[in-house]
Amino acid sequence: AAGVIQSPRHLIKEKRETATLKCYPIPRHDTVYWYQQGPGQDPQFLISFYEKMQSDKGSIPDRFSAQQFSDYHSELNMSSLELGDSALYFCASRPLAGPPYEQYFGPGTRLTVT
Amino acid sequence: KNEVEQSPQNLTAQEGEFITINCSYSVGISALHWLQQHPGGGIVSLFMLSSGKKKHGRLIATINIQEKHSSLHITASHPRDSAVYICAVCDTQGGSEKLVFGKGMKLTVNP
Numbered sequence: 009a010a011g012v013i014q015s016p017r018h019l020i021k022e023k024r025e026t027a028t029l030k031c032y033p034i035p036r037h038d039t040v041y042w043y044q045q046g047p048g049q050d051p052q053f054l055i056s057f058y059e060k061m062q063s064d065k066g067s068i069p070d071r072f073s074a075q076q077f078s079d080y081h082s083e084l085n086m087s088s089l090e091l092g093d094s095a096l097y098f099c100a101s102r103p104l105a106g107p108p109y110e111q112y113f114g115p116g117t118r119l120t121v122t
Numbered sequence: 037k038n039e040v041e042q043s044p045q046n047l048t049a050q051e052g053e054f055i056t057i058n059c060s061y062s063v064g065i066s067a068l069h070w071l072q073q074h075p076g077g078g079i080v081s082l083f084m085l086s087s088g089k090k091k092h093g094r095l096i097a098t099i100n101i102q103e104k105h106s107s108l109h110i111t112a113s114h115p116r117d118s119a120v121y122i123c124a125v126c127d128t129q130g131g132s133e134k135l136v137f138g139k140g141m142k143l144t145v146n147p
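Taken in sequence, the protein lines are chains W and E.
All letters in the first sequence, in the order written, are residues 9 to 122 by the numbering used here.
All letters in the second sequence, in the order written, are residues 37 to 147 by the numbering used here.
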């Protein structure tokens, strides 16, 4: 069965650089959620999209932006990277008309900022 | 008080032991996830449940909505079960759809 795909799986950037993370949901999933998990931390919700519109927003820094495209994939853009942005970023997708809890997780992108 | 609390925070077991990981939550939820994360790895969903009990291989998950409590059981534990196990709930209050995560329980199974 198809799963959520994230790319890249690993990314190393320097401070003040920008990064773009991509999430490809399972086919026929129209909702995407982004989460951030810092080292030794529990995951935190960043932002979600439903039908290409932002549906909910969590603790996402102003330096970050995200969008969902017509094919339902989503991109998380991170600018002016800081050391504290080093984390595992994973996304989840939800099927069309599925309940909110039915989220399927991607493997994550591990971002290291040096 | 955290919305999702897991116990214990760390657990070391011997191969073959029966293991129980607990999760209590304080918010009204529609469902609960049990997730597994190996060191340096991504998140793997083990179970998504809103009532009763689910079983997959050596893993069993139960939830009691009235008591706001869930347990994950591992039978005949194996060193490859060593990982962090995270409980996450879908908080339905205020119309939000986001998941709220527990801090995870680090399990080490020794051979």
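Quick reminder that beta carbons are idealized off the backbone N, C-alpha and C, glycines included.
Predicted, not measured: the structure shown is a model, and the values here were computed from it.
Beta-carbon proximity list for residue i, same chain, < 8 Å, skipping 5 on both sides
i	result
residue 35 (chain W)	10
Close-in-space but distant-in-sequence residues of the same chain around residue i (CB under 7 Å, 5 per side omitted)
i	result
residue 114 (chain E)	51 and 145
residue 44 (chain E)	141
residue 46 (chain W)	95
residue 53 (chain E)	113
Presumed contact (8 Å Cβ cut-off) between residue i and residue j, rounded CB distance
i	j	result
residue 136 (chain E)	residue 39 (chain E)	5 Å
residue 57 (chain E)	residue 127 (chain E)	Contact doesn't hold; Cβ gap of about 20 Å is too wide.
residue 99 (chain E)	residue 87 (chain E)	6 Å
residue 73 (chain E)	residue 120 (chain E)	5 Å
residue 67 (chain W)	residue 54 (chain W)	7 Å
Cβ-based burial, residue i [other Cβ within 10 Å; buried from 16]
i	result
residue 89 (chain E)	exposed
residue 79 (chain W)	exposed
residue 18 (chain W)	exposed
residue 131 (chain W)	Given a span of 9 to 122 for chain W in the structure shown, any question on residue 131 (chain W) remains unanswerable.
residue 70 (chain W)	exposed
Limits of the unbroken beta strand (DSSP E) element including residue i
i	result
residue 42 (chain E)	40-43
residue 63 (chain W)	61-65
residue 122 (chain W)	From DSSP, residue 122 (chain W) is part of no beta strand (DSSP E); its letter is neither H nor E.
residue 103 (chain W)	95-103
Bridge partner(s) assigned by DSSP for residue i
i	result
residue 12 (chain W)	BP columns for residue 12 (chain W) are empty, so no partner.
residue 85 (chain E)	E:68
Contacts around residue i, its chain only, beta-carbon distance under 6 Å, and the 5 residues preceding and following it disregarded
i	result
residue 15 (chain W)	30
residue 59 (chain W)	38
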